[in-house]
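Quick note: full-length UniProt numbering has the sequence shown finishing at residue 470, numbered continuously throughout.
Here is the structure we will look at.
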Amino acid sequence: DCHENAICQDLTQSYTCHCKPEFIDQSPNRVALPGRLCIPRPTPPPAECRIDASASSCKQELNENSCTVINECDFPQLNDCHPSADCIDEPTSYTCRCKQGFKDISSSDKPGRICQPHIDECKLPHLNDCHQNAVCIDKEDGYECKCNHGYMDRKPERPGRLCKKMIDECARTELNSCDKNANCIDEEDGYRCECKNGFLDVSPSPTFRGRACRALINECSDPKLNDCDKTAKCTDTTDSYQCECPPDSKDISPNPAFPGRVCLVFENECLTGKHDCDPNAICRDNEQSFTCECAHGFTDRSPNRLNRPGRVCVELIDECTSGRHTCSAQAECRDLEEGYTCECKDGFIDRSPNLLTQPGRVCGTPEVCPSNHECSSAAVCEPLGGNKYECTCIQGYVDQSPSDKKGRICVRNSACRDPRLNNCSRNAICYDEPKGYRCECAHGFVDRSADGTQNGYVCEPPAPVTPPPS
Numbered sequence: 001d002c003h004e005n006a007i008c009q010d011l012t013q014s015y016t017c018h019c020k021p022e023f024i025d026q027s028p029n030r031v032a033l034p035g036r037l038c039i040p041r042p043t044p045p046p047a048e049c050r051i052d053a054s055a056s057s058c059k060q061e062l063n064e065n066s067c068t069v070i071n072e073c074d075f076p077q078l079n080d081c082h083p084s085a086d087c088i089d090e091p092t093s094y095t096c097r098c099k100q101g102f103k104d105i106s107s108s109d110k111p112g113r114i115c116q117p118h119i120d121e122c123k124l125p126h127l128n129d130c131h132q133n134a135v136c137i138d139k140e141d142g143y144e145c146k147c148n149h150g151y152m153d154r155k156p157e158r159p160g161r162l163c164k165k166m167i168d169e170c171a172r173t174e175l176n177s178c179d180k181n182a183n184c185i186d187e188e189d190g191y192r193c194e195c196k197n198g199f200l201d202v203s204p205s206p207t208f209r210g211r212a213c214r215a216l217i218n219e220c221s222d223p224k225l226n227d228c229d230k231t232a233k234c235t236d237t238t239d240s241y242q243c244e245c246p247p248d249s250k251d252i253s254p255n256p257a258f259p260g261r262v263c264l265v266f267e268n269e270c271l272t273g274k275h276d277c278d279p280n281a282i283c284r285d286n287e288q289s290f291t292c293e294c295a296h297g298f299t300d301r302s303p304n305r306l307n308r309p310g311r312v313c314v315e316l317i318d319e320c321t322s323g324r325h326t327c328s329a330q331a332e333c334r335d336l337e338e339g340y341t342c343e344c345k346d347g348f349i350d351r352s353p354n355l356l357t358q359p360g361r362v363c364g365t366p367e368v369c370p371s372n373h374e375c376s377s378a379a380v381c382e383p384l385g386g387n388k389y390e391c392t393c394i395q396g397y398v399d400q401s402p403s404d405k406k407g408r409i410c411v412r413n414s415a416c417r418d419p420r421l422n423n424c425s426r427n428a429i430c431y432d433e434p435k436g437y438r439c440e441c442a443h444g445f446v447d448r449s450a451d452g453t454q455n456g457y458v459c460e461p462p463a464p465v466t467p468p469p470s
């Protein structure tokens, strides 16, 4: 029923009317039913005098002292304040302010033109939809519902519209499924369970904790409750235990997922004397056992030098300085780690019978033998001065010459070529010599020959090495 010159505004529960700015509200009940009668705003009469910087705008026939201030608030036709607003006069104009109990819904630049009665929806149940177990809170713009204490809101998208009474499931055991060794904690929406101190939560579902609580056991307190090695450190954990081998040991547990079950404790055999190194060897401890190494000045003559070195250490002898050599007087003797070697001096020719294995044994002058010498082609002719000379069969040949004419007949010694002509073991090396042959067990084999003068006749692999007890 708003007037045709009024604006209809929809409200939460109803509507209201207010006259347009260029119209004055003359409704019979401007407070309860505004905007029902809106008449055009009359044009105010021309001002006799207006207040500005001076009174020079007054009509000429008026004395400037006769200018009066017009209070627009005294004349409804001179202001457009809402009937429910207070009109406040100002020197050059006026302002409007909605009265208490009314809400200003005017534009910000012209306040107090539209004042809407403030409706407290909470005072009248039919104006709000709060639940019967909720409290209604009046707001400047509408209202708010909030469930009472002890009730849970079941419509969070529209609070306070559905409030359900909360039940303390922890008050009675039949209302909850907590384990007897768990604490029941009541919450707004249900309850939760927590295992007590000293108990482990073994509930089948991670969503529902505290439904099964098992007493914690310190397996480390009793060796019968754990399988740690007796030398290992046992550490109790929340639901089990852990084993750790000591620092001076090695973990050889069969399952890497369960360490500390078998610990190999290291023993320094070199310190305890539980080793078989030669007295002239250096004992070195390692993680598994120990090793031996002949000291400086000694050579290793151990039967099994590859797997068990340093068991037999023989002192190195300088044959050159001690005179224990067969070098020619015209040769230089050079000491080696094992044995020695000879080398003819400058100006002398090496005429040794066995140049390959025993050089420097015969060093002659660079004289030449007569062209008509009788030495065998397999012999070395050594001039002795004048027309004299001496013949010596070379290595690999046997001298079958008359005793007074050596080196004339040199027959090749082939005993090593035909196994039927020598008694060497098949694990030995055969060396042809001027008079026969000699045998020597190959590297890695042990000479078991019965007679010390018949080396290399029986060569066997070394016995298996049994590791020393740890």
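Each residue gets a CB set at the ideal place from its N, CA and C atoms; glycine is no exception.
Asked, Found
"Pick helix, strand or coil for A171, following the three-state DSSP scheme.", "helix"
"Quick one, are the C-beta atoms of S376 and G407 less than 7 Å apart?", "yes"
"For K388, list the residues DSSP reports as bridge partners.", "G385"
"Whose CA, out of T12, L11 and H82, lies closest to the CA of S27?", "H82"
"Are the beta-carbon atoms of C441 and D447 separated by less than 7 Å?", "yes"
"From what residue to what residue does the alpha helix (DSSP H) around S106 run?", "No alpha helix (DSSP H) contains S106, which DSSP labels as neither H nor E."
"Would you mind reading off the limits of the beta strand (DSSP E) that contains C73?", "No beta strand (DSSP E) contains C73, which DSSP labels as neither H nor E."
"For the stretch 90-165, list the alpha helix (DSSP H) runs that are entirely contained and at least 4 residues long, ordered along the chain.", "none"
"Compare the C-alpha of T238 against each of A232, N197, T16 and C263 and name the closest.", "N197"
"Label D201 either buried or exposed according to how many other C-beta atoms from any shown protein chain fall within 10 Å of its C-beta, with 16 as the threshold for buried.", "buried"
"From Y457 to G436, what does the alpha carbon distance come to, in whole angstroms?", "15 Å"
"Is residue 482 buried or exposed, if buried means 16 or more other CB atoms sit within 10 Å of its CB?", "Summary: the structure shown does not reach residue 482, with the chain confined to residues 1 through 470, and so no result is reported for it."
"Closest to D222 by CA distance: which of G210, A215 and T235 is it?", "T235"
"By the three-class DSSP mapping on this structure, what secondary structure does T235 have?", "strand"
"What residues in its chain sit with their C-beta under 7 Å from that of D276, if we drop five residues either side in the sequence?", "R311"
"Tell me G364's beta-bridge partners as DSSP assigns them.", "I349"
"Excluding sequence positions up to five away, which residues of its chain have a Cβ less than 6 Å from the Cβ of L216?", "G198 and L200"
"What first and last residue would you give for the beta strand (DSSP E) that runs through T272?", "T272 -> not in any beta strand (DSSP E); alpha helix (DSSP H) instead, spanning E269 to T272."
"Measure the alpha-carbon distance for C333 versus R324 and round it to whole angstroms.", "10 Å"
"Based on the DSSP secondary-structure assignment, which residues constitute the bridge partners of F199?", "A215"
"Taking 6 Å as the cut-off, is the beta-carbon of T321 closer than that to any non-hydrogen atom of the ligand COA?", "This structure does not include the ligand COA; it has no bound ligands of any sort."
"Am I right that residue 498 and C145 are in contact with their C-beta atoms under 8 Å? What's the rounded C-beta distance?", "Since the first residue shown for the chain is 1 and the last is 470, residue 498 is missing from the structure and cannot be characterised."
"By DSSP's criteria, Y241 is part of a beta bridge. Which residues make up the other side?", "D236"
"Within the same chain, show all residues whose beta-carbon is closer than 8 Å to that of C381, passing over the 5 residues directly before and after it, in chain order.", "C369, H373, C375, Y389, E390, C391 and G407"
"Have a look at residue 512 and R361 and give me their C-alpha separation to the nearest angstrom.", "With the chain covering 1 to 470 only, the question about residue 512 has no answer from this structure."
"Please classify R438: does DSSP put it in a helix, a strand, or coil?", "strand"
"I need the boundaries of the alpha helix (DSSP H) containing S205, first residue and last residue.", "Here S205 belongs to no alpha helix (DSSP H), and DSSP marks it neither H nor E."
"What number of angstroms, rounded off, separates the C-alpha of A55 from the C-alpha of D86?", "With a pLDDT of 42 at A55, under the threshold of 50, the modelled position of that residue is not reliable, and the figure given next carries that caveat. Approximately 30 Å between the Cα atoms of the pair."
"Which term fits P383, buried or exposed, when burial requires 16 or more other beta carbons within 10 angstroms of its beta carbon?", "buried"
"Check whether the Cβ atoms of C313 and C294 sit closer than 7 Å, and answer yes or no.", "yes"
"Does the separation of the CB atoms of L316 and G297 fall below 7 Å?", "yes"
"State the Cα-Cα distance for the pair A53 and S108, rounded to the nearest angstrom.", "Low local confidence applies: a pLDDT of 41 at A53 is under 50, so the model's placement there is unreliable, with the coordinate-based value given in what follows. About 29 Å."
"Measure the C-alpha to C-alpha separation of E287 and L264 and round it to an integer number of angstroms.", "10 Å"
"Drop a sphere of 10 angstroms on the beta-carbon of L62, count the other beta-carbons inside from all chains shown, and report buried for 16 or more, exposed for fewer.", "Because the pLDDT at L62 is just 45, under 50, the model does not fix this residue reliably, and the value given afterwards should be weighed accordingly. Burial call: exposed."
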